[in-house]
Structures are given as C-alpha cells and as structure tokens.
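Mapping the sequence shown onto numbering that gives the first Met the number 0, position 211 (from 1) lands on 210, and the numbers just tick up by one.
Heads up, the thing below is written out as structure tokens.
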Amino acid sequence: MSQAQDKSQIRDFELAGQGELKIDWVRDHMPLLRQLEERFRAEQPFAGKRISMCLHLEAKTAYLALVVQAGGADVAIAASNPLSTQDDVAAGLVKRGVTTFAWYGATQDEYQGHLRAVLDYDPIAVIDDGADLATILHQERPEQAARLIGGCEETTTGIIRLRAMSEEGILKYPMIAVNDADCKHLFDNRYGTGQSVWDGVMRTTNLVIAGKTVVVVGYGWCGKGVAMRAKGLGAKVIVTEVDPIRAVEAAMDGFSVMPIVEAAEHGDYFITVTGVKHVIHRAAMERMKDGAILGNAGHFDVEISKPDLASLAKNVRRVRPNIDEYQFADGRRIYLIAEGRLVNLAAGDGHPAEVMDMTFALQALGLREVVQHRYEPGLHMIPRATDVEVARMRLQSWGVSIDHLTDAQEVYLHSWH
Ligand SMILES: NC(=O)c1ccc[n+]([C@@H]2O[C@H](COP(=O)([O-])OP(=O)(O)OC[C@H]3O[C@@H](n4cnc5c(N)ncnc54)[C@H](O)[C@@H]3O)[C@@H](O)[C@H]2O)c1
0 MSQAQDKSQI RDFELAGQGE LKIDWVRDHM PLLRQLEERF RAEQPFAGKR
50 ISMCLHLEAK TAYLALVVQA GGADVAIAAS NPLSTQDDVA AGLVKRGVTT
100 FAWYGATQDE YQGHLRAVLD YDPIAVIDDG ADLATILHQE RPEQAARLIG
150 GCEETTTGII RLRAMSEEGI LKYPMIAVND ADCKHLFDNR YGTGQSVWDG
200 VMRTTNLVIA GKTVVVVGYG WCGKGVAMRA KGLGAKVIVT EVDPIRAVEA
250 AMDGFSVMPI VEAAEHGDYF ITVTGVKHVI HRAAMERMKD GAILGNAGHF
300 DVEISKPDLA SLAKNVRRVR PNIDEYQFAD GRRIYLIAEG RLVNLAAGDG
350 HPAEVMDMTF ALQALGLREV VQHRYEPGLH MIPRATDVEV ARMRLQSWGV
400 SIDHLTDAQE VYLHSWH
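This is the structure in structure tokens:
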C-alpha cells in the first residue's frame, strides 16, 4: 500500500481507474496547466514542500493537485463542499500519490474532520476555497497559521472573509487573491458559472428553460453569466440586486429589475449568486408559484433560507436525485436543488475544463509566487504580469495572435502634449 493510500480517507480505492480516466480527459483539455506541469517538473519550485489544498474535489482540481505535485510538492487535499466530491476522482488522485480526505455526502462532522486532517498534514502553503482552512487555522491553530509561508484563495466569498481578517490585522500569513485576477473572475465566474449552472439545472430537472421565467438574484460576475446564458436558452430573465450600479447594468443589459418579493410571483427558476445569506427568504417563498425551482450558485448553502423553507413546509420529500420537494399547507410545491449547495458542482461537474484551465493556471502561478517571494501577512493581488501571462497562454493555445503597440503609440499614450 502506498503512503498516500495508507493516510487517505476516501470512499473506495477500487474506483481509481474510472477516476484516472476523468482526470486524463480534463488534462487533454487544459493546455495551460499542461504547459505549467512541464515547466514545474523541470524547475521544481515546490521541491520537498508540503502543500495542502481545499477545493471542490473533481477532475480539474485533481489535475491541479498533480501539477503542483509535478513541481516537487508533497500534496494533500480535502474537499471544499461535502456534495461536490467525486469519489472515483478522489480514488484516482490517491493512486497517483496525492493524500486525499474527502467523500461524497460527508456529514458536517466528517467534512470538518477532513479539513482538520489536511491541516494535520502540516503544510507550509495552502490553496483555500471559501477560506475554510483560514478560519480553522485562525480560530483553533494560531501557531500553525503563523508558520505558513502563504497561500492562494479561489473564490469571492473567501476573499470577503480574508479581507475582513486582513483589515482587522489578524491574518497571520500572506494570501494571494486569485479570484480578483481578471483572468479568474472575468471568465470563471462569468462564463464558467454561466454555463455550468444551467448544465446542473438541466441535467437534474430534465425540464425546459426556453419560455420560462428565470430570476437571478445578484448581478455580480457570476450573476451576469447566469443571466446571459438563461437569456440564450430562451428564458425571460428578471434580476434582483441591492447595488444600484449593478441594477442599472442589468437593466441596460436588457433584463427586468425588481425586488425579490415582487419577482417571487413570476419566477419558474430562481438562482442565487450573491455570497450573502437568506437572499431568498420567507416573504418571497410565500409568494412563489406552485412548482417553482430554487437553486444556489453562491459559495455557501445559506443564500436560500432553508430554515424558512422548512418552516413553511407541511411535507418534505426527495422526488428525484438532488431535488427535494417542499409542500406548503395550501398545496403549493417548491423544489430545492442539491440542498441549496452550489448547483453547478453539487448537481453537475462544475465549470468546463477550458475555463478552469485559466483559473488553475493562476492558482499554480500564484502558489509559486507566494512560495518563492515571501510576502508579508495580509491579502495580496496576483501580480499583473501573471494575469497577463495567463491571457497570453490562453490566446497561444488557441493559435490566436494580437497586435502590439508601436513605439510611437507607446510614446503617445504616455505623453500629455
Ligand atoms: N458556483 C460557482 O462555481 C462559483 C464560481 C465563482 C464564485 N462563486 C460564488 O458566487 C458568489 C457570487 O460571486 P461573484 O463573483 O458573482 O460576486 P460579486 O460580488 O461580483 O456579486 C455578488 C452580487 O450580489 C449582489 N447582492 C448582494 N446581496 C444581495 C441581495 N440580498 N439581493 C440581490 N443581490 C444581492 C451584490 O450587490 C453583487 O452585485 C460568491 O459566493 C462566490 O464565492 C461561485
């Protein structure tokens, strides 16, 4: 038995072959990461270093872990959501030498146990998603937190938590805000979430989108993608917002804008993407149509108030895999996908591989940056040059070239007379 197999906590090692096929499939569609894998194998930027990751455990993430491993790291990984783990991929990763703590459907205790196990691995650097590792490190393990040389954060919700810690002056190690790179949120949050949310909804419900009314709650980077793709599928789209600027943007992109309680009466589908809790609450639920379908694409399962839904329901039953029916006293039925967890990951395969290729290229380069350059504790932007490098790699992988400023244009741009 290998060391990874000995230490890992996964569902079934026998599934490894199937998981490896999934990893190899995405590898074929991730040319940026393939390039970095080769570079890292030659340069060994993480030689002998322990690195722990907390990410949705599916094939693209698995390949990122293998790229970091190719750079010389000893890698351990835990899931960032109990419903997004693919057990075959977890087994495939273990077979390829990555110590893995995750299984699909982990209870809250098991999930928390996996997060602690990945920290017991005693990493010197981390990749975090939603700042779950940061929270445990700062609440329970301050000495371990102070030993870390740094890490990278994947998502908007994690950045919000880390920024709050940084502003309070308590963040004990440097974190690179990968989410804030242009090559992350412009493409992953918008096009990735836009496509994969509808993939998750369609495969789970097997119902049509065209002609239906979709309510998108939150018109940030993810919400823009979800609304854009709903429109492309033929839906009528309503946007709800709390930010006047984003509300204007939604209106000028051609969507109806109104408060959630008003939108509640019209929606056939509701997708929350705010990073804020209880954005769909009792007052909205009370006005929803019979058969309305609710899904969340924000990081945590708090955006649709499950306590409100449960208190309104007379009966709750599972009617299809990943769909729960809440029947109200007046007979109306409201459907919740994937227990309100990220619909595109808990009820699908997550973002397309080509999109995650850019995000994970940023993760890999961000990790190398923080390991090699020793930043001060706090939240840091990824260097602009790295962001631009990833865009160039993307264009190159497509065989697309672009123009360059001439010397005369450079001078013109930087002069005032
Ligand atoms: N599903 C995925 O794969 C995926 C991918 C990337 C990010 N995320 C998560 O999605 C969430 C949103 O990320 P983002 O990058 O779009 O963030 P963002 O900050 O760009 O957008 C969030 C928007 O929600 C709005 N909002 C806040 N409260 C609201 C309310 N009560 N009603 C209506 N609108 C409200 C904000 O004004 C803002 O415009 C975060 O939790 C992030 O971590 C998920």
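Note that CB positions come from ideal geometry on N, CA and C, so glycine has one too.
(message) Nearest by alpha-carbon distance to A328: which of N321, F269, L308 and P320 is it?
(response) L308
(message) Classify H413: buried if its beta carbon has 16 or more other beta carbons within 10 angstroms, exposed otherwise.
(response) exposed
(message) Quick check: is any heavy atom of ligand 1 less than 7 Å from the C-beta of Y218?
(response) yes
(message) By the DSSP assignment, the beta strand (DSSP E) with H372 in it spans what residues?
(response) Per DSSP, H372 belongs to no beta strand (DSSP E); it is in the alpha helix (DSSP H), A352 to H372.
(message) Rounding to the nearest angstrom, what Cα-Cα distance links Y218 and A46 in this structure?
(response) 42 Å
(request) Can you give me the start and stop residues for the alpha helix (DSSP H) that T156 sits inside? (result) T155 to E166
(request) Could you check the C-alpha separation between D249 and G157 for me, to the nearest Å? (result) Residue identity differs from the one stated: residue 249 is Ala in this sequence, not Asp. Approximately 25 Å, taken between the alpha carbons.
(message) Using a Cβ-based criterion (distance less than 7 Å to any ligand heavy atom), does E57 qualify as near ligand 1?
(response) no
(message) Can you check which of these residues, F359, I50 and G149, is closest to E375 by C-alpha distance?
(response) G149
(message) Please report the straight-line C-alpha distance between Y325 and D267, rounded to a whole angstrom.
(response) 15 Å
(message) What does DSSP give as the partner residue(s) for G235 in the beta ladder?
(response) The sequence as given places Lys at residue 235; Gly does not occur at that position. K235 pairs with T212.
(message) Considering Cα atoms alone, identify which of I259, A41, V66 and Q194 is closest to V215.
(response) I259
(message) Suppose you measure from the CA of Q143 to the CA of S51; what does that come to, to the nearest Å?
(response) 13 Å
(message) Report the start-end ranges of each beta strand (DSSP E) in the segment 5-89 that is 3 residues or longer and not cut off at the edges.
(response) 49-53 and 73-77
(request) Label Q362 either buried or exposed according to how many other C-beta atoms from any shown protein chain fall within 10 Å of its C-beta, with 16 as the threshold for buried. (result) buried
(request) For the beta strand (DSSP E) holding Y334, just list the boundary residues, first then last. (result) R332 to I336
(message) DSSP three-state label for F100, please.
(response) strand
(request) Could you work out which residue in F100, M392, R40 and L32 is closest to G71 when comparing CA atoms only? (result) R40
(message) For P44, count the other beta carbons within 10 Å of its own beta carbon; 16 or more makes it buried, fewer makes it exposed. Which is it?
(response) buried
(request) Count the CB pairs spanning the segment 105-119 and the segment 87-97 that are closer than 8 Å, and state whether there are at least three. (result) no
(message) Taking 8 Å as the cut-off, does the segment 395-407 touch the segment 186-193 (at least 3 CB pairs, one atom from each stretch)?
(response) no
(request) Can you have a look at T106 and say buried or exposed, based on whether 16 or more other CB atoms are within 10 angstroms of its CB? (result) exposed
(message) Quick check: the Cα distance between L63 and A130, rounded to an integer number of angstroms?
(response) 18 Å
(request) Below 8 Å on the Cβ atoms is my guess for D386 versus D181; work out the distance and round it to an integer in Å. (result) 5 Å
(request) Measure the C-alpha to C-alpha separation of V88 and D127 and round it to an integer number of angstroms. (result) 19 Å
(message) Based on DSSP bridge pairs, tell me the residues matched to R316.
(response) E324
(request) Give the range of the beta strand (DSSP E) segment to which P141 is assigned. (result) P141 -> not in any beta strand (DSSP E); alpha helix (DSSP H) instead, spanning P141 to R146.
(request) Quickly, what does DSSP pair G149 with across the bridge? List them, please. (result) A124
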